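**Student:** Sharing a structure below in structure tokens format, with a few things to ask.
Numbering (UniProt numbering), first residue to last: 1 to 306.
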């Protein structure tokens, strides 16, 4: 199997790097600047699971000449549109695109461009960042990649992809209901991002303020209502767990979007919150707190260069 990893940042570089380290046939589709950096320094992973220094197989968009068996799409949501043209030459009739983006909007965009048969579902849990010199730094031990056909079928291609991903130094799991898991992740992530970005603090800092926990619980309720109407309803246990984790006293938990916001970086405002609010509106659901969080971030994004 030949895998094209779109992006060699902290997520694509980590999972793709581990696969390459395990001897899999992996090519990284990168921009010229990242390509130059990787050719000079190599792909370097610094991790509690063991470091790796690799010479990656790289390609620029203009280098792609034929289809790959699978495409692991790891770009940020705001960069997806630009990636669609880039990957088009690599998508053949039997290719499966495995996106690990946040939210569900990317599924619609990929399906519209390449057809439902080309698009699988996926999510990852891995806390990584890029160091000053482009090295990939793993910040916590969890490293999960979950995937499956959106239909829930156990097809030959998803079984082949599962075999390809197993035994590469991270937790790889074929899900019988990846769509449900993706909606579930969006439910939790949107609640966490809205709370931390709207109130500019960690979960513990928010919980320490009178009324803070109540506001967070209201945000969770809004997200649960929209996702139940638009997608797959979170279980009562998932809702209770989210409320407990997002109101925990002293918790240092925050969202990657809040960290990006604090660092002055681009944020996935539309993908994580704006699209959720829009789906709620289609079902006649008002979500004032999620809307406030989205508008807050949209104003910030409007000030970003480019």
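Where is the CB? At the ideal position from N, CA and C, for every residue including glycine.
Keep in mind it's a predicted model, so treat the numbers as computed, not measured.
Suppose the cutoff is 8 Å on Cβ atoms and the five residues either side in sequence are ignored; what does the same chain contact list for residue 178 look like?
**Tutor:** Within the chain shown, the letter at position 178 stands for residue 178. Excluding positions up to five away in sequence, the list reads 120, 121, 122, 123, 146, 147, 148, 149, 150 and 152.
**Student:** Look at the Cβ atom of residue 187, then the Cβ atom of residue 244, and state whether they are nearer than 9 Å.
**Tutor:** Against the chain shown, residue 187 aligns to sequence position 187. Against the chain shown, residue 244 aligns to sequence position 244. Cβ distance not < 9 Å, so residue 187 and residue 244 don't count as in contact.
**Student:** With DSSP as the reference, identify every bridge partner of residue 71, one or two as the case may be.
**Tutor:** One-based indexing of the chain shown puts residue 71 at position 71. Beta-bridge pairing links residue 71 to 4 and 97.
**Student:** CA-CA distance, residue 159 and residue 66?
**Tutor:** Against the chain shown, residue 159 aligns to sequence position 159. Against the chain shown, residue 66 aligns to sequence position 66. For residue 159 and residue 66, the distance between alpha carbons rounds to 22 Å.
**Student:** Please list the terminal residues of the continuous beta strand (DSSP E) segment that includes residue 172.
**Tutor:** Start at 1 with the first residue of the chain shown, and residue 172 comes out as number 172. Per DSSP, residue 172 belongs to the beta strand (DSSP E) from 171-174.
**Student:** Please report how far the alpha carbon of residue 138 lies from the alpha carbon of residue 216, in whole angstroms.
**Tutor:** As a position in the chain shown, residue 138 is number 138, starting the count at 1. As a position in the chain shown, residue 216 is number 216, starting the count at 1. The straight-line gap from Cα to Cα measures roughly 29 Å.
**Student:** If you run the structure through DSSP and keep just helix, strand and coil, what is residue 233?
**Tutor:** In the chain shown, counting from the first residue as 1, residue 233 sits at position 233. The answer is coil: DSSP assigns residue 233 none of H, G, I, E or B.
**Student:** Name, in chain order, the residues that DSSP records as bridge partners for residue 54.
**Tutor:** Here residue 54 refers to the residue found at position 54 when the chain shown is read from its first residue. Bridge partners of residue 54: 43.
**Student:** Helix, strand or coil for residue 125, going by three-state DSSP, please let me know.
**Tutor:** In the chain shown, residue 125 corresponds to position 125, counting from 1. It is a strand residue.
**Student:** Residue range of the beta strand (DSSP E) that residue 26 falls in?
**Tutor:** For the purposes of this step, residue 26 is identified with residue 26 of the chain shown, where counting begins at 1. That run of the beta strand (DSSP E) goes 25-29.
**Student:** Does the stretch 41-57 come into contact with the stretch 72-89, if we say contact requires no fewer than three beta-carbon pairs (one atom in each stretch) closer than 8 Å?
**Tutor:** No: the two stretches stay apart, fewer than three of their Cβ pairs being nearer than 8 Å.
**Student:** So what's residue 209 in DSSP terms, helix, strand or just coil?
**Tutor:** Along the chain shown, read from residue 1 onward, the residue named residue 209 stands at position 209. Coil at residue 209, not helix or strand.
**Student:** Inspect the beta-carbon positions of residue 5 and residue 16 and report whether they are closer than 9 Å.
**Tutor:** Sequence index remark: in the chain shown, residue 5 carries index 5 (1-based). Sequence index remark: in the chain shown, residue 16 carries index 16 (1-based). The answer is yes: Cβ separation under 9 Å.
**Student:** Answer yes or no: do residue 19 and residue 165 have a C-beta to C-beta separation smaller than 9 Å?
**Tutor:** As a working note, residue 19 is residue 19 in the chain shown. As a working note, residue 165 is residue 165 in the chain shown. Contact flag set, yes.
**Student:** Within 10 angstroms of its Cβ, does residue 281 collect 16 or more other Cβ (buried), or is it exposed?
**Tutor:** The sequence position of residue 281 within the chain shown is 281, counting from 1. Exposed is the call here.
**Student:** Return yes when the Cβ of residue 88 is within less than 9 Å of the Cβ of residue 113, no when it is not.
**Tutor:** On the chain shown, position 113 is the one that residue 113 refers to. On the chain shown, position 88 is the one that residue 88 refers to. A contact, by the Cβ cut-off of 9 Å.
**Student:** For residue 96 and residue 25, what's the separation of their Cα atoms in angstroms?
**Tutor:** Residue numbering aside, residue 96 sits at position 96 when the chain shown is read from its first letter. Residue numbering aside, residue 25 sits at position 25 when the chain shown is read from its first letter. Each residue's Cα considered, the two are about 16 Å apart.
**Student:** Evaluate the contact criterion for the stretch 285-305 versus the stretch 194-211: three or more CB pairs, one atom per stretch, below 8 Å.
**Tutor:** Judged by Cβ distances under 8 Å, the stretch 285-305 makes contact with the stretch 194-211, as three or more pairs qualify.
**Student:** Taking contact to mean at least 3 C-beta pairs separated by less than 8 Å, is the stretch 35-47 in contact with the stretch 96-107?
**Tutor:** Contact between the stretch 35-47 and the stretch 96-107 is absent, because fewer than three Cβ pairs lie under 8 Å.
**Student:** How about the stretch 263-272 and the stretch 168-182: do they share at least three Cβ pairs that are nearer than 8 Å?
**Tutor:** As far as the Cβ criterion goes, the stretch 263-272 does not touch the stretch 168-182, which means the pair count is below three.
**Student:** Specify the secondary structure class of residue 166 as computed by DSSP and reduced to three states.
**Tutor:** For the purposes of this step, residue 166 is taken as residue 166 along the chain shown, with counting starting at 1. In this structure, residue 166 counts as coil in the three-state DSSP scheme.
**Student:** So, at 7 Å on beta carbons, what are the nonlocal neighbours of residue 93 in its own chain, with the 5 sequence-adjacent residues on each side left out?
**Tutor:** Here residue 93 refers to the residue found at position 93 when the chain shown is read from its first residue. Contacts found: none.
**Student:** Going by beta-carbon coordinates alone, are residue 277 and residue 290 separated by less than 9 Å?
**Tutor:** Taking the chain shown and counting its residues from 1, one reaches residue 277 at position 277. Taking the chain shown and counting its residues from 1, one reaches residue 290 at position 290. Closer than 9 Å, so yes.
**Student:** Can the beta-carbon of residue 10 be found less than 9 Å from the beta-carbon of residue 128?
**Tutor:** Your numbering for residue 10 matches position 10 in the chain shown. Your numbering for residue 128 matches position 128 in the chain shown. The answer is yes: Cβ separation under 9 Å.
**Student:** Roughly how many whole angstroms lie between the Cα atoms of residue 230 and residue 279?
**Tutor:** As a first step, residue 230 is located in the chain shown; it is residue number 230 there, counting from the start. As a first step, residue 279 is located in the chain shown; it is residue number 279 there, counting from the start. Cα to Cα, residue 230 sits roughly 6 Å from residue 279.
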